[in-house]
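Residue numbers (mature numbering (1 follows the signal peptide of the UniProt record, and there is no 0)): -21 to -1, 1 to 533.
Backbone N, C-alpha and C define an ideal beta-carbon position, used for all residues, glycine too.
These numbers were taken from a predicted model, which means no experiment stands behind them.
Written out below as structure tokens is the structure these notes cover.
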């Protein structure tokens, strides 16, 4: 996780304040830069008071972080001196060594801060001067961190509650060891910001794009498609993610126009498949556009924290993922339409596969961005940690706990350890999956005949009804807490409705599958994939029903 944060978030750093977006303020700047550290929350809280002085300068920020660390080291050193006066033997010796180690760490940190201040002019001058200043600053800060670690190591094997071998540490000494451990975190953050400053001083936007694209499945395509935007991106992962979404959107629109043009000269099953592609790609374009709009909200939402960020992130990821599914469904529509395609149709399918690669890259960059922003969101980190544990425990009552957990984890901040909210989230997940399966049934039916066509027609009706029932169940579930508070028969009524409708949705999904019972073995590959999808949908709905039952019973 730390290496990914350093890889992705370091690039938020820029040398000149003028290079930042107009609406970017100093606290936003500190938030993003702190993502390069191992302790982003501590980093942000300790440096936020310096926002006006930092003025969006990574150089000044690195100096401020070094000075914060220096102050903490000096405080710990004074605490060591006081403790040593009342200690003897091995504990006294360990504290004496700590006094020396921490004083040396303070001197090294002070020297490093002085070298950091020289980096700006040295970077402009270039040549060996910059490399020399960088090496000194990094070496001294790293040595300070080592000295702090050495202080703590001095207590290994020492019975710090008394002489030699046994006993618990005194309360004061335990606090001291914890304090030095905290000092190490401040120094680690200062070193990370220094390293980030060096990267920013030596890395151009093109290098940033190439490094960011390393997280994608199609890294060379990613780099080639985004390099024209390097002057706009300005080493911002947020801007890069938006650019990738816009590239994908452009490619989807182009493929959709080609599908419409090809359909005019096509007939039969090929024409039906192209008609579906026009609809699917049009929807994919709209989903990608919506995702890009949500991505733009992620920066402010991460700073404010809470459910807003989780909501925006989930929307952006869900819509981009759905666009990718639509592109894949377009291609699947040709799997049973014969293989004697004209060259122009083969070229179209190749284009849609290429579009999938662009969208896959956009989704990968978005996922990386969300991971970074989650780490720096002021309230999301601790809330998410507790809520993910809650989701894991809640999912234990389901038949498919792993699927339950992976599908709901992204809603951790929104759920906020509420059984009601987790039940609603599970139902919403099921609803999305049902709608996706219903759309695929519509697409497959257009290219099917005989028994398969009849079974798919039934599935369309059954899945649409299942979606409606699930939506009704969600509405009833949301009334359960007020109903429970008011008491009386209202709660029983709402609970019974919610459970009945969710159970009926599950029955409809099962009935859809049963419609293929007599000829599933001889069905085409597309139908088999569809049935596998509906079986997966059943699992989501089963989980949603189990969480609803737990809510009602609990």
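Margin query: Suppose the cutoff is 6 Å on Cβ atoms and the five residues either side in sequence are ignored; what does the same chain contact list for residue 16 look like?
Written below: One-based indexing of the chain shown puts residue 16 at position 37. These residues qualify, in order along the chain: 22, 168 and 171.
Check: Taking contact to mean at least 3 C-beta pairs separated by less than 8 Å, is the segment 148 to 161 in contact with the segment 53 to 69?
Finding: The segment 148 to 161, when compared against the segment 53 to 69, does touch it at the 8 Å Cβ threshold.
Next item on the list: Going by CA-CA distance only, name the one from 453, 368 and 373 that's closest to residue 408.
Entry: Locating residue 408 in the chain shown gives position 429, counting from the first residue. For the residues 453, 368 and 373, the minimum Cα distance to residue 408 belongs to 453.
Item checked: Cβ separation of residue 373 and residue 401, assumed to be a contact under 8 Å, to the nearest whole Å -> The residue you call residue 373 lines up with position 394 of the chain shown. The residue you call residue 401 lines up with position 422 of the chain shown. At roughly 5 Å, the Cβ-Cβ gap stays under 8 Å, so residue 373 and residue 401 are in contact.
Checklist line | Complete alpha helix (DSSP H) runs within the segment 154 to 203 (minimum length 4 residues, chain order) | finding: As far as the segment 154 to 203 is concerned, its whole alpha helix (DSSP H) runs of at least 4 residues are 184 to 191.
Margin query: At the level of alpha carbons, what is the spacing between residue 403 and residue 456?
Written below: Your numbering for residue 403 matches position 424 in the chain shown. Your numbering for residue 456 matches position 477 in the chain shown. Roughly 7 Å separates the two Cα atoms.
Checklist line | Contacting residues, own chain, Cβ-Cβ under 6 Å from residue 115 (five flanking each side not counted) | finding: On the chain shown, position 136 is the one that residue 115 refers to. These residues qualify, in order along the chain: 94.
Check: Quick one: does residue 219 have its CB under 8 Å from some CB of chain C?
Finding: As a matter of chain content, chain C is missing from the structure shown, which is built from one protein chain.
Next item on the list: Find the nearest neighbour of residue 405 within the set 517, 476, 417 and 497, judged by alpha-carbon distance.
Entry: Indexing the chain shown from 1 puts residue 405 at position 426. Looking only at 517, 476, 417 and 497, the smallest Cα-Cα distance to residue 405 is reached by 517.
Note to self: With three or more beta-carbon pairs closer than 8 Å as the criterion, would you say the segment 435 to 449 touches the segment 476 to 491?
What the structure shows: yes
Next item on the list: For residue 323, count neighbouring Cβ atoms within 10 angstroms of its own Cβ and tell me buried if that reaches 16, exposed if not.
Entry: Position 344 of the chain shown holds residue 323. It is exposed - the Cβ of residue 323 has fewer than 16 other Cβ atoms within 10 Å.
Check: Between which two residues does the alpha helix (DSSP H) containing residue 17 stretch?
Finding: By 1-based counting over the chain shown, the position of residue 17 is 38. No alpha helix (DSSP H) contains residue 17, which DSSP labels as neither H nor E.
Notebook entry, point to check: residue 163 and residue 132: beta carbons closer than 8 Å?
Noted result: Taking the chain shown and counting its residues from 1, the one referred to as residue 163 is at position 184. Taking the chain shown and counting its residues from 1, the one referred to as residue 132 is at position 153. No, they are not a contact pair.
Checklist line | Closest by C-alpha distance to residue 352, when choosing among 215, 25 and 236 | finding: In the chain shown, the residue the question calls residue 352 occupies position 373. When C-alpha distances from residue 352 are compared across 215, 25 and 236, the shortest belongs to 215.
Next item on the list: Return yes when the Cβ of residue 251 is within less than 8 Å of the Cβ of residue 430, no when it is not.
Entry: Taking the first residue of the chain shown as position 1, residue 430 is located at position 451. Taking the first residue of the chain shown as position 1, residue 251 is located at position 272. No, these two residues do not count as a Cβ contact at 8 Å.
Check: Since residue 330 and residue 239 are thought to touch, with beta carbons under 8 Å apart, how far apart are those beta carbons, to the nearest angstrom?
Finding: Here residue 330 refers to the residue found at position 351 when the chain shown is read from its first residue. Here residue 239 refers to the residue found at position 260 when the chain shown is read from its first residue. So it is not a contact: roughly 13 Å between Cβ atoms.
Next item on the list: With a floor of 4 residues, list each alpha helix (DSSP H) that falls wholly inside the segment 464 to 497, ordered by position along the chain.
Entry: 468 to 493
Check: On the three-pair Cβ rule with 8 Å, is the segment 215 to 225 touching the segment 239 to 249?
Finding: No: the two stretches stay apart, fewer than three of their Cβ pairs being nearer than 8 Å.
Item checked: Distance between beta carbons of residue 35 and residue 5, contact taken as under 8 Å -> Sequence index remark: in the chain shown, residue 5 carries index 26 (1-based). Sequence index remark: in the chain shown, residue 35 carries index 56 (1-based). At roughly 6 Å, the Cβ-Cβ gap stays under 8 Å, so residue 5 and residue 35 are in contact.
Checklist line | Span separating the alpha-carbon of residue 391 from that of residue 292 | finding: The sequence position of residue 391 within the chain shown is 412, counting from 1. The sequence position of residue 292 within the chain shown is 313, counting from 1. When rounded, the distance between both Cα atoms is 11 Å.
Notebook entry, point to check: Cα separation between residue 48 and residue 476?
Noted result: The residue labelled residue 48 in the question sits at position 69 within the chain shown. The residue labelled residue 476 in the question sits at position 497 within the chain shown. C-alpha separation (whole angstroms): 59 Å.
Item checked: Identity of the residue in 300, 41 and 334 nearest residue 269 by Cα -> Here residue 269 is taken as the residue at index 290 of the chain shown, counted from 1. When only C-alpha atoms are compared, the closest one is 300.
Item checked: Where residue 458 sits in the DSSP three-state scheme -> Residue 458 sits at position 479 when you count from the first residue of the chain shown. Coil at residue 458, not helix or strand.
Check: Rounded to whole angstroms, how far is the Cβ of residue 450 from the Cβ of residue 399, which I believe are closer than 8 Å?
Finding: For the purposes of this step, residue 450 is taken as the residue at position 471 of the chain shown. For the purposes of this step, residue 399 is taken as the residue at position 420 of the chain shown. That belief does not hold up - the Cβ atoms of residue 450 and residue 399 are roughly 17 Å apart, past 8 Å.
Next item on the list: On a CA-only basis, which of 304, 279 and 277 is nearest residue 262? Give me that one, please.
Entry: In the chain shown, the residue the question calls residue 262 occupies position 283. Ranking the options by Cα distance to residue 262, first place goes to 304.
Check: Expressed to the nearest angstrom, what Euclidean distance is found between the alpha-carbon atoms of residue 60 and residue 74?
Finding: Residue 60 sits at position 81 when you count from the first residue of the chain shown. Residue 74 sits at position 95 when you count from the first residue of the chain shown. Distance between the alpha carbons of residue 60 and residue 74 is about 8 Å.
Next item on the list: Flag this pair as touching only if the segment 181 to 191 and the segment 324 to 343 have three or more C-beta atom pairs under 8 Å; answer yes or no.
Entry: no
Checklist line | Bounding residues of the alpha helix (DSSP H) (the contiguous stretch that carries residue 214) | finding: Residue numbering aside, residue 214 sits at position 235 when the chain shown is read from its first letter. Taken as a continuous stretch (DSSP letters only), residue 214 belongs to no alpha helix (DSSP H), as it is neither H nor E.
Check: Cβ atoms of residue 176 and residue 378: under 8 Å apart, would you say?
Finding: Taking the chain shown and counting its residues from 1, one reaches residue 378 at position 399. Taking the chain shown and counting its residues from 1, one reaches residue 176 at position 197. It is not a contact, given that the beta carbons lie outside the stated cut-off.
Note to self: Counting C-beta neighbours from all protein chains within 10 Å, is the total for residue 126 16 or more, i.e. buried, or is it exposed?
What the structure shows: Sequence index remark: in the chain shown, residue 126 carries index 147 (1-based). Residue 126 should be labelled buried.
Item checked: Cβ-Cβ distance between residue 120 and residue 67 below 8 Å -> Taking the first residue of the chain shown as position 1, residue 120 is located at position 141. Taking the first residue of the chain shown as position 1, residue 67 is located at position 88. Contact flag unset, no.
Notebook entry, point to check: Hey, quick one: how far does the alpha helix (DSSP H) through residue 528 stretch, first residue to last?
Noted result: The residue given as residue 528 occupies position 549 in the chain shown. Segment 504 to 532, the alpha helix (DSSP H) holding residue 528.
Margin query: Helix, strand or coil, according to DSSP, for residue 146 in the structure here?
Written below: Your numbering for residue 146 matches position 167 in the chain shown. Low per-residue confidence applies at residue 146: pLDDT is 45, beneath 50, and the placement is therefore not dependable enough to give any value.
Next item on the list: Go ahead and label residue 277 buried or exposed: buried means 16 or more other beta carbons lie within 10 angstroms of its beta carbon, across all protein chains shown.
Entry: On the chain shown, residue 277 is found 298 positions in, with the first residue counted as 1. Classification for residue 277: buried.
Next item on the list: Determine, using beta carbons only, whether residue 583 and residue 529 come nearer to each other than 8 Å.
Entry: Missing from the structure shown is residue 583; the chain here goes from -21 to 533 and no further.
Check: alpha helix (DSSP H) containing residue 58: first to last residue?
Finding: Counting from 1 along the chain shown, the entry for residue 58 is found at position 79. Counting along the chain, the unbroken alpha helix (DSSP H) around residue 58 starts and ends at 37 to 64.
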